[in-house]
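Below is one structure, written out as structure tokens; the observations come after it.
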Amino acid sequence: MRVWFFSARQVLWWICACLTLGIFLGTNGADFIPVSGGTIQRGLSGRTIVIDPGHGGIDPGAVSAGGVMEKDVTLQIAKELEYLLKRAAVYTILVRHGDYDLADSSETHLLNRKRQDLKRRVLIAEEADADLYISIHANYFPSSIWSGAQTFYYEGSVSGQHLARTLQTELVRHLGPNNRLARPGDFRVLRDTTMPAAMVEVGFLSNPREAELLSQASYQKQVAAAIFAGLLRYYSQ
Ligand SMILES: [Zn+2]
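Residues in the sequence shown are numbered consecutively from 7, following the numbering used here.
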């Protein structure tokens, strides 16, 4: 686990300085205030956001017919999202930075490994007292016709539902036509986290066209930008 941060004092100083400057320049009320190397985004900056790239290590997740692995796609998108959030002065915590899972190396039973891995992802967010949890996955279905990003939340979580709906709106806006709606889903990382949490299924690896897109760095950046836009909107509402 790596925790990225400015010092709290540094972030506060920047926020205060930028907001004060905004008043004098008549830009108070603007959502974007340029700072060195990035922007302060009101509502979003200063938050702690955990990014969870699904799968890793011996667990590749879904694999497309052409060999595109979910664990690779999710990690690249997570890293792009982390980059965008850092530029907006957000404290980001990536639960993994490479091709591994979070289970003990001595644990050889696959089911136990998966259980331990998911438990630790949640624990990272809880111990950091994070403001938000974003899990990134890719979908797979036996039929190859389905495509499109879709977001999930834990049923009964009002904040999770709001977050998921906001993310879904931006995913559709940024990635093209898609009739999918944010839906409840009983996933452990959504069920066990106490902060607003959502899972973004960034597309279908079972769809050849979408699998090809998801393997491209330019499209991965587009997906990350869509999630970033959703987070910006979530905190500006
Ligand atoms: Zn997955």
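The C-beta atom is built at its ideal place from N, Cα and C for all residues, glycine as well.
Is the beta carbon of residue j closer than 8 Å to that of residue i?
i    : j    : result
E132 : T54  : no
A94  : G166 : no
L237 : R194 : no
R48  : S242 : yes
I233 : I140 : yes
P59  : I130 : no
A68  : Y146 : yes
V56  : I99  : yes
A231 : H180 : yes
P202 : L138 : yes
S70  : A217 : yes
G62  : Y89  : no
Smallest Cα separation from residue i: which of the options?
i    : options                   : result
E207 : Q222, G154, R179 and G104 : G154
N184 : P202, G209, I233 and L237 : G209
R189 : D198, T172 and G182       : T172
S149 : S212, G52 and P66         : S212
I83  : R215, S51, I46 and G104   : G104
R102 : K85, L90 and Y89          : K85
R121 : D198, P214 and L91        : D198
K92  : I46, R215 and V164        : I46
V164 : D135, R119 and L196       : L196
Ordered along the chain, which non-local residues of its own chain (more than five positions away) have a Cβ less than 8 Å from that of residue i?
i    : result
T175 : G236 and R239
W152 : N145, F210, S212 and N213
R215 : S153
G182 : none
Excluding the 5 residues flanking residue i on each side, which residues of the same chain have their C-beta closer than 6 Å to its C-beta?
i    : result
A223 : none
V79  : A144 and L220
G191 : F158
R186 : G154 and Q156
L81  : P59
V178 : N184
P66  : M75 and K77
A136 : T54, V56 and M201
R126 : L108
R119 : A109 and E113
Would you say residue i touches ligand 2, meaning its beta carbon is less than 7 Å from a heavy atom?
i    : result
G166 : By its list of ligands, the structure shown excludes ligand 2, since it contains just ligand 1.
Just to confirm my understanding: we take residue i, look at its own chain, exclude 5 residues before and 5 after, and list those with CB closer than 7 Å. What are they?
i    : result
V96  : L50, S51, R53 and I55
A170 : T157, F158, Y159, A188 and A204
L87  : I57, A230, I233 and F234
*Any chance you could list the alpha helix (DSSP H) runs of at least 4 consecutive residues sitting entirely within the segment 51-129, in chain order?*
76-93
*Indicate whether the contact test is met: 3 or more Cβ pairs, each with one atom in the segment 157-166 and one in the segment 215-231, closer than 8 Å.*
no
*Tell me, please, whether the segment 67-83 touches the segment 111-118 by the rule of three or more beta-carbon pairs shorter than 8 Å.*
no
*Enumerated in chain order, which unbroken segments of the beta strand (DSSP E) with a length of 3 residues or greater are wholly contained in the segment 160-239?*
203-210
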